[in-house]
Amino acid sequence: MAAKLKKGDKIVVLTGKDKGKEGTISSVNPKTGKAIVEGINVAIRHVKQSQNSQGGRVPQAMPIQLSNLSLIDANGKATRVGFKMDGDKKVRFAKTTGDVI
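What the sequence shown shows, in our numbering, is residues -12 to 88, in sequence order.
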């Protein structure tokens, strides 16, 4: 099945500790059904010092389930994503407005 959310999409979090926060998808893993969003689901990781880095406590964005994310349409509201044929090309569209993404 084609991924409905892609890298670079503006999204809003629907559930969890970051509910209501907005961000941009930096990577998607369709095999596990998860995405990494900048500034969302941040965990503190302890990094050991090395010659190249200082080390210490480093905030890192962790993967979040795709079902907990929703695309933001042109009006700034959360919308579901659908697919339709535009001529001979398959395109994504916002279900609330019908606009092609």
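Cβ atoms here follow ideal geometry from the backbone N, Cα and C, with glycine treated the same way.
Three CB pairs or more closer than 8 angstroms across the segment 48 to 58 and the segment -10 to 4 = Yes, since at least three Cβ pairs between the segment 48 to 58 and the segment -10 to 4 fall closer than 8 angstroms, the two stretches touch.
Which two residues bound the contiguous beta strand (DSSP E) that contains Leu56?
-> Within the sequence shown, residue 56 is the residue found at index 69, counting from 1. Looking at the DSSP string, the run of the beta strand (DSSP E) that includes Leu56 is Leu56 to Ile59.
Candidates Ala65, Val87 and Met49: closest to Ala22 by CA position | Stepping through the sequence shown from its first residue, residue 22 is reached at position 35. Nearest of Ala65, Val87 and Met49 to Ala22, Cα basis: Met49.
For Ala(-10), which residues of its own chain have a beta-carbon under 7 angstroms away from its beta-carbon, when the five flanking residues on both sides are left out?
-> What you label residue -10 is simply residue 3 of the sequence shown in a count that begins at 1. Leaving aside the five residues that flank Ala(-10) on each side, the residues in its chain whose CB is nearer than 7 angstroms to its CB run, in chain order, Val15 and Pro17.
8 angstroms Cβ shell around Asp86 - same chain, five flanking residues per side excluded = As a first step, residue 86 must be located in the sequence shown, where it is residue number 99. Closer than 8 angstroms at the Cβ level, and outside the excluded window around Asp86, lie Asp60, Ala61 and Phe80.
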